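Colleague:
Number of protein chains: 2
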Amino acid sequence: MALKAKVLYDFHSENPGEISITENELVTLFSEEELDGWLEGENGRGEAGLFPASYVEILKDHITSNTNNNGVSSRKTKALPPTQTSFTSTEAGSVGSGGGSFQTSQGSDDDWDDDWDDASPATDAPQGLGSSPPLYAVTTSLPARRGSSRQHHQQQQAKSSATVGRNLNRFSTFVKSGGEAFLLGEAAAFVKDVDRICVVMGESGPEWQEDPYPFTCTIDDPIRQTKFKGMKSYMSYGLTPTHTNVQVNRRYKHFDWLYARLVERFPVISVPRLPEKQATGRFEEDFISKRRKGLIWWMNHMSSHPVLARCDVFQHFLTCGADEKAWKLGKRKAERDDLVGANFFLTISPPAVPLDLQDVESKVEGFKTFTKRMDENIVVVNTTINEFARKQITGFKKEYQKVGQSFKLLAQAFELDQQIYSVGLNGAISYTGETYEAIGEYFAEQPRQDLDPISDLLDLYRGHLDNFPDIVHVQKGALTKVKDCPKQDGDLHDRCNIISCATLAEIQHFHRTRVRDFRSQMQHHLRQQIGFFQKITAKLEDALHRYDDDQ
Amino acid sequence: MALKAKVLYDFHSENPGEISITENELVTLFSEEELDGWLEGENGRGEAGLFPASYVEILKDHITSNTNNNGVSSRKTKALPPTQTSFTSTEAGSVGSGGGSFQTSQGSDDDWDDDWDDASPATDAPQGLGSSPPLYAVTTSLPARRGSSRQHHQQQQAKSSATVGRNLNRFSTFVKSGGEAFLLGEAAAFVKDVDRICVVMGESGPEWQEDPYPFTCTIDDPIRQTKFKGMKSYMSYGLTPTHTNVQVNRRYKHFDWLYARLVERFPVISVPRLPEKQATGRFEEDFISKRRKGLIWWMNHMSSHPVLARCDVFQHFLTCGADEKAWKLGKRKAERDDLVGANFFLTISPPAVPLDLQDVESKVEGFKTFTKRMDENIVVVNTTINEFARKQITGFKKEYQKVGQSFKLLAQAFELDQQIYSVGLNGAISYTGETYEAIGEYFAEQPRQDLDPISDLLDLYRGHLDNFPDIVHVQKGALTKVKDCPKQDGDLHDRCNIISCATLAEIQHFHRTRVRDFRSQMQHHLRQQIGFFQKITAKLEDALHRYDDDQ
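In structure tokens form, the structure reads like this:
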């Protein structure tokens, strides 16, 4: 029997694969299972495709008893069109009403040990805990904008089960993020002192208060582990944070889960995306090493962020040992955290003196221009250095090796001369040939040392930059709202100040880490290049000495 | 009235453009003028084409009085077939008989100051002075064997007026060189002590006795000079030999003349060809500098050869000043030198103990194999390093500059961030970009320093190697003659020993200078490369320090 759903709101398809549906229409579902918030089915005009799960109400009775085709859904008690409220989560079992009730996803703990790599994480996705209005869980993932690697990344995301799914950014990020709700004074939650996030006034403007207990975290080479008597295998990473110095073991899916928690938790903080999930290289080892490198970058970024580094869920991730119970407890707590989205702003303590909003606007506008240019230019840099790496690995190597081989040919011809005084020269020329061959190898090996790390950094920053349009959007939304407000509203202004402080603090943090990261990476690159050319020089000097031996 | 000639010996055409002629046949000449020893005409069968001038006798009477169609030539008194005697010079005006009379070419001094570059040097070509048998003037030029540059060289030779004309090596080099005549005891000339050339027994076999007064010679940048009130211009090279330290001025045509003298004078000594006569580059300056470099190489080779460096004509060339009379005197003396060709061997004083001819044969055979391989392999080396140079000038440069430009783009994006703490980094990244652009330039400039000199050396040695098949041929011809001789002939054996000593001494000299030249060139190359990479390293270190400034 066909599974049916009733359409709650009009939806106009905008992309290939989507279909338009009309309010009150009955659509046929191909499956009850959502994919990243979408359902697949057929509309009244016989068109098949995807539509947002939240726009329809699955007719459960239709399945079980087939009695109530037009019955009001038990899941949707409030039929406001989505443009007037927030995008409501349609998670099975959740009651996304204006009320405060919340039901955990079924089996969210039980399937923790399943291989998330293939399973849908939707059932594990967190829900805003009962505050009004309900929140859409995911706010920041933007679609890929250009370039094959980004496209690839997008495909990865589509394929993967990351909680941050496809961009469903049909509604203003300002709304989705909870920024609007907070600004309108609709956010309400109890904030413990420990959760309070201070923004202080630094030399260059608002800044996150520094973490008084900074730490870093190492990531060991992953170890392949098996379960179900070897039926399934997965890679386990040993993480050792410096502040506990105790190693914990985590899988990629744990990183993925953490990422989703952080993204929902911090609307105006940029959480760079994780390294790609699937292998891009042909060799698994390459991929594992690449992913590990990516996770190290990511972890460094996290642990050096004053807000992210200190938050509960991250600390739970870094410090909870093998005790299954403790882990599940922390996990559930994180998923039920009510300081997400709009409520996040409640945790912000701004500096005593409020910001000049005009000044904020110009700074944010400048930052927008900056990120756009940076994003464009790092694409050029990345393309160029990848091409340069390719040239070194192929062309440069080949040229040096051809020269090396030709010198060896010369030595071979000279060896036909049996004169005793010729022996030294022949050996020296032959050695020079080997030297050139070795230099060819050096050129081929070098990009891995000094170009790939830059490329990795650029990738990290592209993921980073992808987050900022939304962050900027939230701040600009708040500013616009304040400007549009007919009467001077002190509370509105204060709340806009809080959003602005958080945004500027995050921008400031971005700049500081950017300067730190690029300085350190450029230094690393140049030191490596210097070492590389010194190695070549030493090799050539060695060859030169061969000509002295029998002078 | 048709000009006729009587055919003295059968000649069978072997190449297109040639015609066969039969002994005693009368042929019609199209012109009395020879071209490199060939005449053009029509045979009895009505075929028109070229045949060797020495195979016929021009019927002078037929031209002047038309009375004696079958008269015996006044120029050919001895009608031995050419395979049994030497190829007789048919220079107009010369009486190439067994007697001692000799007439100088008409106007040989008068046209000295003409621009040889366009005039035929044939009238200036020297003649063996009256010894029996008459000698063919040119012995060593081989045709180009491969490669476009060599082909180009050949074309140059064909176009140029160099005394060494087209290869007409129809007759054994052994015969042409005078080797056969000497071996058969037909050479006879008075050898002054000062002309005596000693071959001594060295560690590795016979060697030219070292020059007790070694010297070198510098060549200044050429100066453009004009004559005929500026109607004609030519380049004048200032040469300063170290043993006189007095500068003399010579033109390319003087080098050309000297080259021709040396080639006829020393049958088993390799005189490398001169650098190319015509511009190969598009820019005259490039060409002038290239030719000068080539002349320097050539001069170094000459002045370090124990025999060539000391000979009269070379000394005259190096030391005669601006006194026109003295120059002409020396010039005429050189052109009338009778110690050329076969008589050259009369000047050789071999070591006391004669060589084992079996041993000589195996050594010469080994050398033949060696030169063949060396010739083949230096072609590969030359092609490879020229390609490598091209890659550095285009590809390598481009790659480094593209990276440099992309770093500068990154800096430009970063400059949009107005943070004060970002300024230092931006400057450093921009400087790194400039550094990469500079490194690109370094790569483009480097081949001129360390690859071009190798290429020049290889070119010199290719010209050198081209001479050796003939030299080897002379020696092998002598050996064969001795072997073929039915009875043991002491004198024949002695004379073969002299030829062998000279050949082995020249081979020995070749090896010694080869080892010296290649050692020194490879050292130069490696030192340049080391300096090059050190320069890059220093530039990168400079860039690296920029990142410290505002730490």
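So the sequences go chain by chain: Z and F. The letter at position 356 of the first sequence is residue 356 when you use this note's numbering, and the numbering goes up by one with no holes. The letter at position 398 of the second sequence is residue 949 when you use this note's numbering, and the numbering goes up by one with no holes. C-beta: ideal position from N, C-alpha, C; glycine also. Since the model is a prediction, treat every value here as computed from it, not as a measurement.
1. Which one of Z:Leu492, Z:Ile530, Z:Met374 has the shortest CA to CA distance from glycine 463 of chain Z?
2. What three-state label does DSSP hand asparagine 249 of chain Z in the structure shown?
3. For a quick check, are the C-beta atoms of leucine 601 of chain F and leucine 590 of chain F less than 8 Å apart?
4. Count the other CB atoms, across all protein chains shown, that sit within 10 Å of the CB of aspartate 1045 of chain F; report buried if there are 16 or more and exposed otherwise.
5. Can you tell me whether DSSP reads cysteine 1047 of chain F as helix, strand or coil?
6. Can you give the Cα-Cα distance for phenylalanine 817 of chain F and glycine 955 of chain F, rounded to whole angstroms?
7. Does the distance between the C-beta of valine 799 of chain F and the nearest non-hydrogen atom of the ligand COA fall short of 7 Å?
8. Name the chain Z residues that come within less than 8 Å of aspartate 807 of chain F, Cβ to Cβ?
9. For glutamate 985 of chain F, I'd like the list of residues in its chain whose CB is within less than 7 Å of its CB, leaving aside the five on either flank, ordered along the chain.
10. For glutamate 608 of chain F, which residues does DSSP report across the bridge?
11. For asparagine 1018 of chain F, would you say it is in contact with chain Z, using Cβ-to-Cβ distances shorter than 8 Å as the test?
12. At least one CB of chain Z closer than 8 Å to the CB of methionine 752 of chain F: is that the case?
13. Any C-beta of chain Z sitting closer than 8 Å to the C-beta of histidine 1075 of chain F?
14. Taking only beta carbons into account, state which residues of the segment 954-966 of chain F come closer than 8 Å to chain Z, listed in chain order.
15. Determine, using beta-carbon pairs with one atom in the segment 1070-1080 of chain F and one in the segment 763-773 of chain F, whether at least three such pairs fall under 8 Å.
16. Using beta carbons (cut-off 8 Å, strictly below), is arginine 373 of chain Z in contact with chain F?
17. Between the segment 435-448 of chain Z and chain F, which residues of the former have a C-beta closer than 7 Å to a C-beta of the latter?
18. Which residue or residues does DSSP assign as beta-bridge partners of glutamate 565 of chain F?
19. Give the residues of chain F in contact with lysine 391 of chain Z, contact being defined as C-beta atoms less than 7 Å apart.
20. Under the rule that 16 or more other beta-carbon atoms within 10 Å means buried, what is alanine 1056 of chain F, buried or exposed?
21. In this structure, what does DSSP give as the bridge partners for glutamate 593 of chain F?
22. Just tell me which of Z:Lys325, Z:Ile429, Z:Thr503 has its CA closest to the CA of tyrosine 547 of chain Z.
23. Since valine 200 of chain Z sits in a beta bridge, which residues does DSSP pair it with?
24. Tell me, please, whether the CB atom of asparagine 800 of chain F is closer than 8 Å to any CB atom in chain Z?
25. Residues of chain F with a CB under 9 Å from the CB of glutamate 541 of chain Z: which are they?
26. Against glycine 463 of chain Z, what residues of chain F qualify as contacts under a CB-to-CB distance less than 8 Å, listed in chain order?
27. So, is the C-beta of tyrosine 972 of chain F closer than 8 Å to a C-beta in chain Z?
28. Below 7 Å on C-beta distance, what does tyrosine 1098 of chain F contact in chain Z?
29. Under 8 Å between C-beta atoms, does threonine 1054 of chain F make it to chain Z?
30. Work out the CA separation of aspartate 542 of chain Z and lysine 535 of chain Z for me, nearest whole Å.
31. Would leucine 586 of chain F pass as an interface residue toward chain Z - the criterion being a Cβ-Cβ separation below 8 Å?
32. Measuring alpha carbon to alpha carbon, tell me which residue in Z:Ala326, Z:His509, Z:Glu32, Z:Ile471 is nearest alanine 309 of chain Z.
33. Residues in its own chain within less than 6 Å of phenylalanine 1083 of chain F by CB, not counting five upstream and five downstream?
34. Look at the Cβ atom of valine 271 of chain Z, then the Cβ atom of asparagine 467 of chain Z, and state whether they are nearer than 8 Å.
35. In the DSSP assignment, find the unbroken beta strand (DSSP E) run with isoleucine 223 of chain Z in it and report its ends.
36. Does any CB atom of chain Z fall closer than 8 Å to the CB of glycine 698 of chain F?
Modeller: Taking the geometry as given:
1. Of the candidates Z:Leu492, Z:Ile530, Z:Met374, the one whose C-alpha sits nearest the C-alpha of glycine 463 of chain Z is Z:Met374.
2. Three-state result, asparagine 249 of chain Z: strand.
3. Yes, the Cβ-Cβ distance between leucine 601 of chain F and leucine 590 of chain F is below 8 Å.
4. With fewer than 16 other Cβ atoms inside 10 Å of its own Cβ, aspartate 1045 of chain F counts as exposed.
5. Cysteine 1047 of chain F falls in the helix class under three-state DSSP.
6. Rounded to whole angstroms, phenylalanine 817 of chain F to glycine 955 of chain F spans 58 Å at the Cα level.
7. You won't find the ligand COA in this model; it holds no ligand whatsoever.
8. The contacting residues do not exist; aspartate 807 of chain F stays about 31 Å from chain Z at best.
9. The answer, listed in chain order, is Gly955.
10. Answer is F:Lys557.
11. It does not: the Cβ of asparagine 1018 of chain F has no partner Cβ on chain Z nearer than 8 Å.
12. Not a single CB atom of chain Z sits nearer than 8 Å to the CB of methionine 752 of chain F.
13. Chain Z contact via Cβ: absent.
14. Along the segment 954-966 of chain F, going in chain order, the ones with a CB nearer than 8 Å to a CB of chain Z are Val954, Gln956, Ser957, Phe958, Leu960, Leu961, Gln963, Ala964, Phe965.
15. Here the segment 1070-1080 of chain F makes no contact with the segment 763-773 of chain F; the two share fewer than three CB pairs at distances below 8 Å.
16. At a cut-off of 8 Å, the C-beta of arginine 373 of chain Z has a neighbouring C-beta in chain F.
17. Residues of the segment 435-448 of chain Z with a Cβ closer than 7 Å to any Cβ of chain F: none.
18. Paired residues: none, contrary to the question.
19. The answer, in chain order, is Glu950.
20. Flag for alanine 1056 of chain F reads buried.
21. F:Thr579, F:Ala599, per the DSSP bridge assignment.
22. Per the Cα distances, Z:Ile429.
23. According to DSSP, which records beta bridges pairwise, valine 200 of chain Z is partnered with Z:Glu207.
24. No, asparagine 800 of chain F lies away from the interface with chain Z (no Cβ there is under 8 Å from its Cβ).
25. Listed by position along chain F, the residues whose Cβ is nearer than 9 Å to that of glutamate 541 of chain Z are Leu1077, Ile1081.
26. Identification of chain F residues near glycine 463 of chain Z by a Cβ-Cβ cut-off of 8 Å yields none; the smallest Cβ-Cβ distance measures about 17 Å.
27. Taking Cβ atoms only, chain Z reaches closer than 8 Å to tyrosine 972 of chain F, which makes this a yes.
28. What tyrosine 1098 of chain F touches in chain Z: Arg519, Met522, Gln523.
29. No, no contact with chain Z.
30. Annotation: lysine 535 of chain Z to aspartate 542 of chain Z spans about 11 Å, alpha carbon to alpha carbon.
31. Proximity of leucine 586 of chain F to chain Z, defined by a Cβ-Cβ separation below 8 Å, is not satisfied.
32. Closest by alpha carbon: Z:His509.
33. Only Gln997 meet the Cβ criterion.
34. Asparagine 467 of chain Z is positioned such that its CB atom lies closer than 8 Å to that of valine 271 of chain Z.
35. Start and end: 223-227.
36. Because the pLDDT of glycine 698 of chain F is 38, which lies under 50, any placement of that residue in the model is unreliable, and the question is left without a value.
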